[in-house]
Amino acid sequence: MKLAALLLPEITDTPAQIEAQYPSRNLGNKQYVTRFAPSPTGFIHIGGLFAALVCERFAHRSGGIFYLRIEDTDKKREVEGGIAEIVNALAQFGILFDEGATQDGQEVGAYGRYKQSERVNIYQTYAKQLIEKGLAYPCFCTEEQLNDIRQKQEALKLTPGYYGEWAAHRTLALAEIEQFLNDGKPFVLRLKAPENTDKKFEYNDSIRGKVEIVENTQDIVLLKSDGVPTYHFAHAIDDHLMRTTHVIRGDEWLSSLPIHLQLFAFLGFTPPQYAHISPIMKMDGSSKRKLSKRKDPEAAVQYYHEQGYPKQAVIEYLLTLANSNYEDWRRDNKQTAHTDFPFSLQKMSVSGALFDLAKLTDISKNLIAEMDADTVYQNTLQWAEQYDQKLYDVLVKHEAYTKQILAIGRGVQKPRKDISKWADVAHYLSYFYDELFDGQYEFPTHLEKQSMQKMLEQYSVMYDELDDNTGWFDKVKALSESIGFVDMKTYKKDPTAYPGHVGDVSTVIRVAVTGRQNTPDLHTIMQTLRQQKVLERLQLAVSALK
RNA sequence: GGCCCAUUGGUCAAGCGGUUAAGACACCGCCCUUUCACGGCGAUUACAGGGGUUCGAAUCCCCUAUGGGUCACCA
585 MKLAALLLPE
595 ITDTPAQIEA
605 QYPSRNLGNK
615 QYVTRFAPSP
625 TGFIHIGGLF
635 AALVCERFAH
645 RSGGIFYLRI
655 EDTDKKREVE
665 GGIAEIVNAL
675 AQFGILFDEG
685 ATQDGQEVGA
695 YGRYKQSERV
705 NIYQTYAKQL
715 IEKGLAYPCF
725 CTEEQLNDIR
735 QKQEALKLTP
745 GYYGEWAAHR
755 TLALAEIEQF
765 LNDGKPFVLR
775 LKAPENTDKK
785 FEYNDSIRGK
795 VEIVENTQDI
805 VLLKSDGVPT
815 YHFAHAIDDH
825 LMRTTHVIRG
835 DEWLSSLPIH
845 LQLFAFLGFT
855 PPQYAHISPI
865 MKMDGSSKRK
875 LSKRKDPEAA
885 VQYYHEQGYP
895 KQAVIEYLLT
905 LANSNYEDWR
915 RDNKQTAHTD
925 FPFSLQKMSV
935 SGALFDLAKL
945 TDISKNLIAE
955 MDADTVYQNT
965 LQWAEQYDQK
975 LYDVLVKHEA
985 YTKQILAIGR
995 GVQKPRKDIS
1005 KWADVAHYLS
1015 YFYDELFDGQ
1025 YEFPTHLEKQ
1035 SMQKMLEQYS
1045 VMYDELDDNT
1055 GWFDKVKALS
1065 ESIGFVDMKT
1075 YKKDPTAYPG
1085 HVGDVSTVIR
1095 VAVTGRQNTP
1105 DLHTIMQTLR
1115 QQKVLERLQL
1125 AVSALK
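Under our numbering, read the first sequence as residues 585 to 1130, first letter to last.
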């Protein structure tokens, strides 16, 4: 009693008073409360987005609450404007919070404050109670003393840490403590953990199923020397008061689960249900490792924004990682919003999945293929405004023309899938504008330059934009025949008998006009380009072949 | 190193004691096609290894190997 007053003299509230401010939520027992609890660094990792998505889906599927809590108990991690960045980034992906911190620095909801730095009084109130109960004590050990203890433990091959008989200040007499305090020595508040138990127990994790854990014996720090709580302590108090029903977080937390369960027990709280998500991995050489924010640009959510992946594509991909039956569901429910998917924690994988850019690309291509020209135009415009000024200028200048181009092969039963991200569009469109056409040609290597030249020269004389599709192709065929090239079927029967096939001729024309071997329908492209431009391009290519 | 977790094709993964071991992406081949795509069809490829338990094991148990995580006054 005296010790508690000595250590935390400013605390006058009682836990009971605080409890009264955080009543049970008015929700059914099948409506869940989850939270996303980042540090305000402003940086969102793809794993963070994944976790946020899982939490959000889980809560909202149940008709529950999803809130944002800012874990800013470490000032070193704070970045100016970080909270706004986090809120904005998630909002772009359609992940919206029901309560918590908001981007303008305000907060909504009745269970605040939602920034831990503004809750120090609350943590200390519970800390004081733990001291009174003899479950917490001050530790004045310096960093050197702590290192010293660790070294001795290592020499003896013992588990390192502050616990049991190694916890030097665990048994300090009141007078000694008073002396330290009078000397102005800083202290941390430590938990008085049980000693020497090797009690094991089973915990049923919502994702991983049964896990075996050992009771915590470490006298972990509850309050740092500046009076601010550590993650563990703040977590127990906040998730209790804010009535979180499910704590869904990365599996790097699995090993501190014993501490958290113990804290809930010591504080007399009912613990939430835990679910630990396996990390998203990346191939590094021949081994897997967790995506790293330092080494891997694709770890940052910002990367997908810069590359111009549609947000929905990223969400769809993440959902397939989360619940592997999502893909099947999506196939059967093409028009339905992803929020209608019956998301399940149990279906989440227990081993870390490799991030598969090829799969994301596929999902994204399919998504974009279904959009109409106008939508593609608008999205690209928005993206280019921020990331590709040159493209932006062109898009603005040639709006109608661009939409005409984007409409090629779009809106039909089997649309093309050329674009996987907005950053692809510049390349996709480039040959339609002189400003962007780069004059690089991918001519086939198996044909003589001279013969290609000849083809193009002959074709220049024949081409007429008034030809319809059939007329256009008849000319290509006529040209082929005149130089001994045959139709595809004939050619395939005996490839050695002919110099080439009609496809070769089309390819040469295609490359001359567009620079590339792979483009949408050539006839439509040439009509879009108009006669004069086509002839110009053919001329240009002939010169390039010389 | 201690503790915890994981391990089905190149990748994501179904599977929860009896299956010809799904499906998707990627790759390859064929077909369709006036070219490029799209699409269709098909092929290759997997239960980490070893012991048990069982009539029967990818599924349960043990050991080994490999990978991951964690051991702060960071979250």
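Virtual Cβ for every residue (Gly too), placed ideally from N, Cα, C.
- CA-to-CA, the gap between Asp732 and Tyr787 works out to about 35 Å.
- For the beta strand (DSSP E) assignment, the region 960 to 997 encloses no uninterrupted run of at least 3 residues.
- Per DSSP, the continuous alpha helix (DSSP H) segment holding Gly632 begins and ends at Ile630 to Arg645.
- Here the alpha carbon of Leu825 sits roughly 11 Å from the alpha carbon of Pro855.
- As the crow flies, the alpha-carbon of Gln966 is around 12 Å from that of Tyr893.
- Shown here for Val704: same chain residues with a beta carbon closer than 7 Å to its own, the five before and five after excluded, namely Gly811 and Val812 in chain order.
- Short of 7 Å from the beta carbon of Asp789, and not among the five residues preceding or following it, lie these beta carbons of its own chain, in chain order: Val795, Tyr858, Ala859 and His860.
- In the DSSP assignment, Tyr858 falls outside any alpha helix (DSSP H) and within the unbroken beta strand (DSSP E) covering Gln857 to Ile861.
- By the C-beta density criterion, Val1097 is buried, having at least 16 other C-beta atoms within 10 angstroms.
- Val885 has its alpha-carbon roughly 8 Å from the corresponding atom of Phe627.
- At a Cβ-Cβ threshold of 8 Å, Glu655 and Tyr815 count as neighbours.
- Residues of the same chain with a CB within less than 7 Å of the CB of Gly665, apart from the 5 flanking positions on each side, are Gly626 in chain order.
- In this chain, the alpha helix (DSSP H) harbouring Asn672 covers Gly666 to Gln676.
- Shown here, Val663 sits in coil according to DSSP, grouped into three states, outside any helix or strand.
- Straight through space, the alpha carbons of Tyr985 and Thr959 are spaced by roughly 15 Å.
- Non-local C-beta neighbours of Trp913 in its own chain, meaning closer than 7 Å and more than five positions away in sequence, comprise Phe925, ordered along the chain.
- Here Gln708 is near Ile595, since their CB atoms are less than 8 Å apart.
- Residue pairing for Gly834: DSSP places it in a beta bridge opposite Ile861.
- In this structure, the CA atom of Glu983 is about 19 Å from the CA atom of Ile952.
- Annotated as distal: Leu758 and Ala711, with beta-carbon spacing of 8 Å or more.
- Taking the Cα positions, His1085 is about 9 Å away from Lys1073.
- Cβ-Cβ distances below 7 Å link Gly993 to Pro999, Arg1000, Pro1104 and Asp1105 in the same chain, with the five nearest sequence neighbours on each side left out; the list follows chain order.
- CA-CA distance, Asp1002 to Leu944, rounds to 14 Å.
- Check the Cα spacing between Arg1121 and each of Pro778, Ile821, Gly1099 and Thr1108: the tightest is with Gly1099.
- For Ala685, the pairing in a beta bridge is given by DSSP as Glu691.
- Proximity to Ser809 across Thr1080, Val1095, Leu591 and Tyr616 peaks at Leu591, based on C-alpha coordinates.
- Secondary structure within the region 716 to 777: the beta strand (DSSP E) runs of 3 or more consecutive residues, fully enclosed, are 720 to 723 and 772 to 775 (chain order).
- Beta-bridge partners of Ala884 (DSSP): His629.
- CA-CA distance, Thr964 to Ala673, rounds to 19 Å.
- The three-state reading of DSSP puts Asp868 in strand, counting E and B together.
- With respect to Glu1041, Gln1115 sits apart: the two C-beta atoms are not nearer than 8 Å.
- Within a 10 Å sphere around the beta-carbon of Leu807 sit 16 or more other beta-carbons, which makes this residue buried.
- Beta-bridge annotation (DSSP): Thr618 is paired with Phe650.
- Scanning Asp1051, Asp1018, Ser608 and Glu1032 for the CA closest to the CA of Phe853 turns up Ser608.
- One alpha carbon belongs to Gln729, the other to Arg661, and they sit about 27 Å apart.
- Annotated three-state conformation of Gln802 is strand, per DSSP.
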